[in-house]
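All remarks here apply to the structure that follows.
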Amino acid sequence: MACNAAFEGVMGQYIEFAAQQGADQAIRCSGDWTSVNARALEHEVADLTATLPKNTNPIIDISNIGTLDTTGAWLLTQLMRDDGDSPREFVGGSDKHLTLLERINQYTPVEPAPPGHENRLLAPLIGVGRFVMGGADDVFAVNFTQGRLLAAFGHTVTGQAPLRLASFVQQFEQIILRAIPIVALISLVVGAIITQQTILQLRNFGATILVVDLAAILMFREIGVLLAAIMVAGRSGSAITAEIGSMRIREEFDALRVMGVDPYQALMLPRTLALIIGMPLLAFIGSMAGLAGAILVAKAYGNIPIDVFILRLRDAMSMTSLLVGLIKAPFMGLLVALLASVEGMKVRGSSESLGRRTTSSVVKSIFVVIVADGLFAIFFAAIGF
Amino acid sequence: MDNTAPATSPAPGAPAMTVDDLAVSFGPVTVIDGLGFELRSGEILGLIGPSGSGKTVTMRAMAGLIPHQRGEITVFGRPFSGMTPREREVLRRDWGVLFQQGALFSSLNVLENIEFPMREHLDMSPRLRREIARMKLDLVGLPPAAAYTFPTELSGGMIKRAALARALAMDPKILFLDEPTAGLDPIGAGKFDELIVTLSNTLGLSVLMVTHDLDSLEVACDRIVALADGKLLKAGTLSEMRAASEPWLREYFHGPRAHNTEG
Chain G
1 MACNAAFEGV MGQYIEFAAQ QGADQAIRCS GDWTSVNARA LEHEVADLTA TLPKNTNPII
61 DISNIGTLDT TGAWLLTQLM RDDGDSPREF VGGSDKHLTL LERINQYTPV EPAPPGHENR
121 LLAPLIGVGR FVMGGADDVF AVNFTQGRLL AAFGHTVTGQ APLRLASFVQ QFEQIILRAI
181 PIVALISLVV GAIITQQTIL QLRNFGATIL VVDLAAILMF REIGVLLAAI MVAGRSGSAI
241 TAEIGSMRIR EEFDALRVMG VDPYQALMLP RTLALIIGMP LLAFIGSMAG LAGAILVAKA
301 YGNIPIDVFI LRLRDAMSMT SLLVGLIKAP FMGLLVALLA SVEGMKVRGS SESLGRRTTS
361 SVVKSIFVVI VADGLFAIFF AAIGF
Chain B
386 MDNTAPATSP APGAPAMTVD DLAVSFGPVT VIDGLGFELR SGEILGLIGP SGSGKTVTMR
446 AMAGLIPHQR GEITVFGRPF SGMTPREREV LRRDWGVLFQ QGALFSSLNV LENIEFPMRE
506 HLDMSPRLRR EIARMKLDLV GLPPAAAYTF PTELSGGMIK RAALARALAM DPKILFLDEP
566 TAGLDPIGAG KFDELIVTLS NTLGLSVLMV THDLDSLEVA CDRIVALADG KLLKAGTLSE
626 MRAASEPWLR EYFHGPRAHN TEG
């Protein structure tokens, strides 16, 4: 017992193998060799192959196997092939089992080269490189899309391509008109919050009335258009990307192309025009709603009566402030449309890619819209507008 | 009798699935009305009928994907209606479905697609799972290199094969095929038919195949069930169908496109 290192044999649930058997050694298999019992079977096969002395060539008795499926058959063929030089033989077993085993045995596992892994040390550099190249590609793609859209616009204006009025109206409703409630609501709340904070600060200087100037200029110059653009980027940028992306997956995009219809003219142009024309409208509505929020809070927190507010507003507001907001708005719309189209065009095949592109469209649009707003602010300050 | 009856089928003739007085409707529209037939163990049953006769709906109802309003579906002698949701869930592992477009998960590669049901339901080591998945790939005749490709990179025929490998991942006893040869070239379709016959014989599968392909009916199917307007038109072997007097069947089996399957 103490020094008994000799092979004892295996007495498992599924495999029985006694070492001291002589010439007619047999591995006796029984039970259901199915995928449900895979874990136990795997262990017993591994145990046996690990402990089985070399150069033994027992037959494999499968006459007591109940159900056999491909997983079981695979494990049985593992048992058979184990020794390498001369395959072991199966005895017993129904025709059905033997047919299956024969078929499974025809399969010799070939390890295909797994997809290559990147060098771990280079990974950060590769990441940076990809990021930079991706950015460059985006700049190119945005310009490309802009060119295609301009060409499509040119074709439409000169009558070489149909005027898609129905599509434009439908997109205008979807993108602009249906966004009015949410844009108005958000602007109202933000306008109210800004006014409240401003009043609390200005009160220290006894200049509470200046909140009117601040609210008016801020809402019309910056907040109204920015909030509208962010809302539209989230609402419609994602929708445009998803629409174009799924049309690409389902080859509808290619279908348009082979029918001689320019997808940029048929799909992107109506959306882009709706955004360009509609954004000033949304920005104006947002600004007005923000002003309404300011009036309400000025009354509640600053004790500024509505008529005093309006009177002060006449002096504080100028056409310039209104125009600054309205001039920016179409560009915001164009940026959202361009980025949404570019991301939509990048969708390839899988649903995962569609989701990733839609997210990316929203994130990029919001980022670009805010950066553009900053650049506009610098520009208008520089020209003293 | 045809000589195509698989020699190795388990208890041939015993039904794997029976459909009795089945009715399926969507709102006011009744698609299947009083349909009854059986899928015998180890046979390949072809389901034919004109477009809109409810073939796919029948298959989906049998696979438990859509509810039926009347009638009974019995699987291996157990009525579907008497089962708890949990029992149905377990039973579902016993069948595989090959959808018309393959329905491979586009975000997983082919090997991961095949491994997916095994990973969900079976307790086995990742290594064994991978080996079995590779073997299934080989069973359906895909090259080992296809393992790491994504569904979007595959041709139509390869998608069908990969989807079949996934349908076979759990070693189903019943296999539902929705127009398996649609969209394949005649050579590819012929090979696919052979593949299904081989697999059915080797693995003892019972196969329900919705098809429009006359060659598939000839090569692969042991019996044929014809539907018309949500009802059973006729069930029988190919020769019985050819001899049928119903106008639609006559046209189907003796029409201009039937030339190569006759005699």
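These protein sequence lines map, in sequence, to chains G and B.
When we follow the working numbering, the leftmost residue of the first sequence carries the number 1, and every step to the right adds one.
When we follow the working numbering, the leftmost residue of the second sequence carries the number 386, and every step to the right adds one.
Backbone N, C-alpha and C define an ideal beta-carbon position, used for all residues, glycine too.
Since this is a predicted model, take the numbers as computed values, not measurements.
Minimum Cβ-Cβ distance from residue i to chain B less than 8 Å
i: Ala38 of chain G; result: yes
i: Lys96 of chain G; result: yes
i: Thr358 of chain G; result: no
i: Asp69 of chain G; result: yes
i: Ser63 of chain G; result: no
i: Tyr107 of chain G; result: yes
i: Leu100 of chain G; result: yes
i: Glu42 of chain G; result: yes
i: Ser392 of chain G; result: This structure cannot settle anything about residue 392 of chain G, because the visible part of chain G is limited to 1 through 385.
i: Arg148 of chain G; result: no
i: Val110 of chain G; result: yes
i: Arg348 of chain G; result: yes
i: Ser351 of chain G; result: yes
i: Ser35 of chain G; result: yes
i: Ile104 of chain G; result: yes
Whole-angstrom C-beta distance between residue j and residue i, which should lie under 8 Å
i: Ile517 of chain B; j: Ala550 of chain B; result: At roughly 10 Å, the Cβ-Cβ gap does not stay under 8 Å, so Ile517 of chain B and Ala550 of chain B are not in contact.
i: Ile378 of chain G; j: Ile230 of chain G; result: At roughly 19 Å, the Cβ-Cβ gap does not stay under 8 Å, so Ile378 of chain G and Ile230 of chain G are not in contact.
i: Met444 of chain B; j: Phe561 of chain B; result: 5 Å
i: Leu313 of chain G; j: Val212 of chain G; result: 6 Å
i: Ile433 of chain B; j: Ala611 of chain B; result: 5 Å
i: Leu524 of chain B; j: Leu584 of chain B; result: 7 Å
i: Ile65 of chain G; j: Arg88 of chain G; result: Their Cβ separation, rounded to whole angstroms, is 15 Å, which puts Ile65 of chain G and Arg88 of chain G out of contact at 8 Å.
i: Thr441 of chain B; j: Asp563 of chain B; result: 6 Å
Residues sharing a beta bridge with residue i, DSSP
i: Gly31 of chain G; result: G:Ile65
i: Lys619 of chain B; result: B:Ala611
i: Leu562 of chain B; result: B:Leu483 and B:Met594
i: Val404 of chain B; result: B:Phe422 and B:Ile458
i: Val91 of chain G; result: G:Asp61
i: Ile429 of chain B; result: B:Val592
i: Pro529 of chain B; result: Beta-bridge pairing links Pro529 of chain B to no other residue.
i: Ser410 of chain B; result: B:Thr415
i: Arg463 of chain B; result: B:Val460
Residue i at chain G interface by Cβ criterion, 8 Å
i: Pro511 of chain B; result: no
i: Leu588 of chain B; result: yes
i: Phe535 of chain B; result: yes
i: Glu472 of chain B; result: no
i: Asp672 of chain B; result: Since the displayed chain B opens at 386 and closes at 648, residue 672 of chain B lies outside it and no answer follows.
i: Arg642 of chain B; result: no
i: Arg519 of chain B; result: yes
i: Glu579 of chain B; result: no
i: Ala390 of chain B; result: For Ala390 of chain B, the predicted model reports a pLDDT of 35, less than 50, meaning its position is unreliable; a value from the coordinates is still stated below. False, the Cβ-Cβ gap to chain G never drops below 8 Å.
i: Glu428 of chain B; result: no
i: Ala396 of chain B; result: Low local confidence applies: a pLDDT of 49 at Ala396 of chain B is under 50, so the model's placement there is unreliable, with the coordinate-based value given in what follows. So, not an interface residue.
i: Asp523 of chain B; result: yes
i: Pro413 of chain B; result: no
i: Pro452 of chain B; result: no
i: Pro529 of chain B; result: yes
beta-carbon residue i near the ligand GDP non-hydrogen atom, thresh 7 Å
i: Thr566 of chain B; result: No copy of the ligand GDP occurs in the structure displayed, which carries no ligand at all.
Interface partners of residue i on chain C, CB under 9 Å
i: Glu516 of chain B; result: Here the protein chains are G and B, and chain C is not one of them.
Against chain G: residues of the region 492 to 506 of chain B by CB proximity under 8 Å: Ser492 and Met503
Selection of the region 539 to 551 of chain B by Cβ proximity to chain G, strictly under 9 Å: Of all residues in the region 539 to 551 of chain B, none has a Cβ within less than 9 Å of some Cβ in chain G.
Cβ-based contacts, 8 Å cut-off: residues of the region 551 to 574 of chain B near chain G: Going along the region 551 to 574 of chain B in chain order, one finds Leu553, Met555 and Asp556 with a Cβ nearer than 8 Å to chain G.
Contact set between the region 606 to 628 of chain B and chain G, restricted to residues whose Cβ is under 9 Å from the partner: Of all residues in the region 606 to 628 of chain B, none has a Cβ within less than 9 Å of some Cβ in chain G.
The region 291 to 311 of chain G contacting the region 189 to 196 of chain G, beta-carbon criterion three pairs below 8 Å: At 8 Å Cβ cutoff, the stretches touch.
Interface positions of the region 240 to 254 of chain G facing chain B (Cβ-Cβ less than 7 Å), listed along the chain: none
The region 333 to 343 of chain G touching the region 140 to 150 of chain G, judged by at least three CB pairs closer than 8 Å: Touching, per the Cβ criterion.
Cβ pair count under 8 Å reaching 3, the region 517 to 533 of chain B against the region 56 to 72 of chain G: Counting Cβ pairs under 8 Å, three or more are found: they touch.
Any 3 or more C-beta pairs closer than 8 Å across the region 218 to 232 of chain G and the region 257 to 264 of chain G: Contact fails: fewer than three Cβ-Cβ distances are below 8 Å.
Touching by the beta-carbon criterion (3+ pairs, under 8 Å), the region 120 to 137 of chain G and the region 95 to 107 of chain G: no
contact_flag[the region 447 to 455 of chain B, the region 499 to 512 of chain B] where n(CB pairs < 8 Å) is 3 or more: no
Sufficient close CB pairs (3 or more, under 8 Å) joining the region 170 to 187 of chain G to the region 241 to 250 of chain G: Taking 8 Å as the limit for Cβ pairs, the verdict is that the region 241 to 250 of chain G does not touch the region 170 to 187 of chain G.
Three CB pairs or more closer than 8 Å across the region 580 to 595 of chain B and the region 614 to 628 of chain B: Because the criterion of three Cβ pairs below 8 Å is not met, the region 580 to 595 of chain B and the region 614 to 628 of chain B do not touch.
Touching by the beta-carbon criterion (3+ pairs, under 8 Å), the region 451 to 462 of chain B and the region 409 to 423 of chain B: yes
Sufficient close CB pairs (3 or more, under 8 Å) joining the region 320 to 331 of chain G to the region 349 to 366 of chain G: no
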